[in-house]
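Structure first, commentary second.
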Amino acid sequence: MSFPKGFYWGGATAANQCEGAWNVDGRGPALTDVTTGGSVKEPRYITYIDKDGKPGKMRSMGAVLPEGAKYAVLDDYYYPNHDGVDFYHRYKEDIALFAEMGFKMFRMSISWSRLYPNGDEEEPNQKGIDFYRSVFEECRKYNIEPLVTIHHFDTPLYLEEHYGGWTNRKLIEFYDRFAETCFREYKGLVKYWLTFNEINNTVMFLEMFGNTATDEMYQKAYQQLHYQFVASAHAVKKAHEIDPNYVVGCMICGITFYPGTCDPEDILLNRHTWEKGIFYCGDVQCKGKYPTYAKRLWDEHNVHLDITEQDLIDLKEGKVDMYTFSYYMSTVVTTHEVEEKVSGNFSAGAKNPYLNYSDWGWAFDPKGLRYYLEMIYDRYELPLMVVENGLGAFDKVEEDGSIHDPYRIDYLREHILDMEKAIENGVDLIGYTTWGCIDLVSAGTGEMRKRYGFIYVDKDDEGKGTFDRSRKDSFYWYKKVIASNGTDLD
Ligand code: BG6
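Taken in order, the sequence shown gives residues 10 to 499; the numbers are from this note's numbering.
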């Protein structure tokens, strides 16, 4: 048997994509609350009122709010994160379903603006504190270990508007306060923490979307990352001070990159893509210092960072205890002209003729997960967790209410088999939380119909439905997988 005793089988969610109740019990808005629904073809937009009072919208990735404009919720648009899948009111039912599957771990995030509605207050919102306490107690009731992401794509809107978001060093101070509150309030209920979800997206996505990103955009992205690295290091230090048993991890958007050809130019480009997209963040967070190639990356885009001596000390003292990552797909990089490109949400590069692609353009590549696990473990020798993996797919509800999702079972089974091989190869993998264990709002497209769950939620892309939960075939399958500690995958 390859999966170690006590392996953390479970599932993962994020507050902004599942809680809903966006303006309930004192919660302040986050950027995700002014982000519209989209699709694989139509991007999500951020909406605002411009300085002359006219409504406007901009693409949600990389855009800058026009001078004098204010973020706004507009009548003509639908904002799917507002009601999510109503986890806020239904968490007891949902956690009971996770327990029925035998979950050992449940990954979730804390909405910053539920604890600090604007983000810069001195004192937290008690109702927010109480809500998460109750969620963690519910998990504990079933011996489910919570894995808590402190920041998952949802900086309070007020901080974006009044401080310019993460380009402002002040954000470190606000994040420090928020993280410390979490560590103090939930001591004894939570042991595992992640500081920032997919921290590497900020720079990696600029790269993935072609050569359109300007040096100014890189300057901003690298600076934001630096402040987040420092905030993450502070959080690690503070967590250990408050409870030496706390285990704090980084969380990287894991993509396996392959060279398109054996042309040495491609091999080098591929290595540099790993450095820029994946290693840069992992190296700083796991090794506590900037890697040697960082200077080359900054010089490429004429980037000059605000980094203090104290920051460098903090990075060294705030190394993470474990490396966690999401994994959905691999991608191909090449210096050559390509015949066919991948098109989908959050996916780019040349099409790999050896792989199949999902309806959203994501490559199905379980071996890429093994490759990633082995490479990363060798680099850091820290415990690893795969904290997101899964298939976003269309599901059909049959007349009798059943949902047959063999495609999801196949996807997960193959990834589990490759995780097992990595463990046999010496990798210290301690957990696996599949993404969207209950259907939720897609981060990339804002859709509901891009479903990942073992549990179906009756809600459509216009927000209509009963929000009732039901078990898919994969629910019963995953239950068997967990009960057999990964040996029964049929
Ligand atoms: C990761 C995020 O990027 O991928 C999640 O951490 C997200 O928040 C997941 O939902 C899947 O992406 P999508 O676009 O299918 O929701």
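Yeah, the Cβ is synthetic: ideal placement off N, Cα and C, and Gly gets one too.
What did DSSP end up calling Cys-262 once you bin it into helix, strand or coil? Counting from one through the sequence shown, the residue named residue 262 turns up at place 253. Cys-262 falls in the strand class under three-state DSSP.
What are the residues that DSSP puts in a beta bridge with Gly-20? Numbered from 1 along the sequence shown, position 11 holds the residue referred to as residue 20. Paired residues: Phe-115 and Thr-443.
Does the beta-carbon distance from Thr-45 to Tyr-86 come in below 8 Å? Here residue 45 refers to the residue found at position 36 of the sequence shown. Here residue 86 refers to the residue found at position 77 of the sequence shown. Yes, Cβ-Cβ distance for Thr-45 and Tyr-86 is below 8 Å.
Between which residues of its own chain and Ile-276 is the CB-CB distance below 8 Å, once the five residues before and five after are set aside? Taking the first residue of the sequence shown as position 1, residue 276 is located at position 267. Result list for Ile-276: Pro-268, in chain order.
Take Thr-211 and list the residues in its own chain whose beta-carbon comes closer than 6 Å to its own, dropping the five residues that flank it on each side. Locating residue 211 in the sequence shown gives position 202, counting from the first residue. Hits under 6 Å: Ala-230, Gln-233 and Leu-234.
Threshold first: 4 residues or longer. Then list the alpha helix (DSSP H) segments lying entirely within the segment 76-128, N to C. Look at the segment 76-128 and you find these whole runs of alpha helix (DSSP H), each 4 residues long or longer: 96-110 and 121-124.
If you check the beta carbons only, do Asp-467 and Asp-482 fall under 8 Å apart? Taking the first residue of the sequence shown as 1, we reach residue 467 at position 458. Taking the first residue of the sequence shown as 1, we reach residue 482 at position 473. Not in contact: Asp-467 and Asp-482 (Cβ atoms no closer than 8 Å).
Coil, strand or helix - Ile-287 by DSSP: In the sequence shown, residue 287 corresponds to position 278, counting from 1. Helix at Ile-287.
Using the rule of at least 16 other Cβ atoms within 10 Å of the residue's Cβ for burial, across every protein chain shown, is Thr-475 buried or exposed? In the sequence shown, the residue the question calls residue 475 occupies position 466. Only exposed fits Thr-475, as fewer than 16 other CB atoms lie within 10 angstroms of its CB.
Evaluate the contact criterion for the segment 310-319 versus the segment 327-338: three or more CB pairs, one atom per stretch, below 8 Å. The segment 310-319, when compared against the segment 327-338, does not touch it at the 8 Å Cβ threshold.
Which parts of the segment 160-197 are runs of the alpha helix (DSSP H), unbroken and 4 residues or longer, counting only runs that do not cross its ends? 166-172 and 179-194
Nearest chain D C-beta to Val-395 closer than 8 Å, yes or no? Absent here is chain D; the protein component of the structure consists of one chain.
How would you call Gly-291, buried or exposed, if buried means at least 16 neighbouring beta carbons within 10 angstroms? For the purposes of this step, residue 291 is taken as the residue at position 282 of the sequence shown. It counts as buried.
Inter-residue spacing [alpha-carbon to alpha-carbon] between Trp-307 and Thr-301: The count along the sequence shown starts at 1 and reaches residue 307 at position 298. The count along the sequence shown starts at 1 and reaches residue 301 at position 292. Distance between the alpha carbons of Trp-307 and Thr-301 is about 11 Å.
Where do the ends of the beta strand (DSSP E) carrying Lys-9 lie? The structure shown has nothing for residue 9, since the chain only spans 10 to 499.
Going by beta carbon distance, what residues of the same chain come within less than 6 Å of Ile-55, once the five residues before and after it are set aside? Within the sequence shown, the letter at position 46 stands for residue 55. Cβ neighbours of Ile-55 beyond the five flanking positions: Val-43, Thr-44, Met-67 and Ser-69.
Taking 7 Å as the cut-off, is the CB of Trp-202 close to at least one heavy atom of ligand 1? Taking the sequence shown and counting its residues from 1, one reaches residue 202 at position 193. No - ligand 1 has no heavy atom lying nearer than 7 Å to the Cβ of Trp-202.
From this set, Val-342, Gly-370, Asp-368 and Ala-372, which residue's C-alpha is nearest Ala-532's C-alpha? Outside the modelled stretch of the chain, which goes from 10 to 499, sits residue 532, for which no answer is possible.
Reference Ala-24, options Thr-282, Tyr-227, Ile-119 and Tyr-332, closest by Cα: By one-based count along the sequence shown, residue 24 stands at place 15. Checked all of Thr-282, Tyr-227, Ile-119 and Tyr-332; the closest Cα to Ala-24 is Ile-119.
Going along the chain, which residues of its own chain have a beta-carbon closer than 7 Å to the beta-carbon of Tyr-386, five neighbours each way excluded? For the purposes of this step, residue 386 is identified with residue 377 of the sequence shown, where counting begins at 1. The answer, listed in chain order, is Leu-393, Val-436 and Asp-437.
Roughly how many whole angstroms lie between the Cα atoms of Lys-266 and Met-213? Reading the sequence shown from its first residue, position 257 is the one you call residue 266. Reading the sequence shown from its first residue, position 204 is the one you call residue 213. It is Phe, not Lys, that sits at residue 266 in the sequence shown. Distance between the alpha carbons of Phe-266 and Met-213: 12 Å.
According to the Cβ coordinates, are Gly-174 and Asp-34 closer than 8 Å? If you number the sequence shown from 1, residue 174 lands on position 165. If you number the sequence shown from 1, residue 34 lands on position 25. Result no, Cβ atoms of Gly-174 and Asp-34 do not sit closer than 8 Å.
Going by beta-carbon coordinates alone, are Lys-459 and Trp-371 separated by less than 8 Å? Position 450 of the sequence shown, counted from the first residue, corresponds to residue 459. Position 362 of the sequence shown, counted from the first residue, corresponds to residue 371. Contact: no.
Sequence-distant residues of its chain with Cβ nearer than 6 Å to Gly-455 (five each side left out): For this step, residue 455 is matched to residue 446 along the sequence shown. Correct list, in chain order: Gly-46, Gly-47, Arg-53 and Pro-89.
On a Cα-Cα basis, can you pick out the residue from Glu-349, Asp-252, Arg-99 and Leu-168 that is closest to Glu-28? As a working mapping, residue 28 is identified with position 19 in the sequence shown. Checked all of Glu-349, Asp-252, Arg-99 and Leu-168; the closest Cα to Glu-28 is Arg-99.
Select from Met-117, Glu-349 and Tyr-227 the residue whose C-alpha is nearest the C-alpha of Arg-142. In the sequence shown, counting from the first residue as 1, residue 142 sits at position 133. Closest option to Arg-142, Cα to Cα, is Met-117.
Whole-Å CB distance - Phe-205 paired with His-160, under 8 Å assumed: Here the question's residue 205 lines up with position 196 in the sequence shown. Here the question's residue 160 lines up with position 151 in the sequence shown. Between His-160 and Phe-205 the Cβ distance is about 5 Å, and since that is below 8 Å, they are a contact.
Does the distance between the C-beta of Phe-140 and the nearest non-hydrogen atom of ligand 1 fall short of 7 Å? Working through the sequence shown from its first residue, we reach residue 140 at position 131. Distances taken from the Cβ of Phe-140 to the heavy atoms of ligand 1 include none shorter than 7 Å.
Compare the C-alpha of Tyr-289 against each of Tyr-389, Glu-274 and Ala-222 and name the closest. Within the sequence shown, residue 289 is the residue found at index 280, counting from 1. Ranking Tyr-389, Glu-274 and Ala-222 by Cα distance to Tyr-289 puts Tyr-389 first.
Output the boundary residues of the alpha helix (DSSP H) element that contains Gly-137. On the sequence shown, residue 137 is found 128 positions in, with the first residue counted as 1. 135-150 is the span of the alpha helix (DSSP H), which, as asked, contains Gly-137.
Proximity below 8 Å, CB of Ala-242 to CB of Leu-324: Sequence index remark: in the sequence shown, residue 242 carries index 233 (1-based). Sequence index remark: in the sequence shown, residue 324 carries index 315 (1-based). Yes, the Cβ-Cβ distance between Ala-242 and Leu-324 is below 8 Å.
Going by DSSP in three states, Leu-364 sits in which element: helix, strand or coil? Numbered from 1 along the sequence shown, position 355 holds the residue referred to as residue 364. Reduced to three states, the DSSP call for Leu-364 is coil.
Using three-state DSSP, classify Met-70 as helix, strand or coil. The sequence position of residue 70 within the sequence shown is 61, counting from 1. Coil.
Label Glu-169 either buried or exposed according to how many other C-beta atoms from any shown protein chain fall within 10 Å of its C-beta, with 16 as the threshold for buried. In the sequence shown, residue 169 corresponds to position 160, counting from 1. Per the 10 Å Cβ criterion, buried.
Quick one: what's got a C-beta closer than 6 Å to Ile-491's C-beta in the same chain, skipping five residues either side? As a first step, residue 491 must be located in the sequence shown, where it is residue number 482. Contacts found: Trp-18 and Gly-111.
Since Phe-145 and Pro-155 should fall inside the 8 Å C-beta cutoff, what is the C-beta to C-beta distance between them, to a whole number of angstroms? The residue you call residue 145 lines up with position 136 of the sequence shown. The residue you call residue 155 lines up with position 146 of the sequence shown. About 5 Å; that satisfies the 8 Å criterion.
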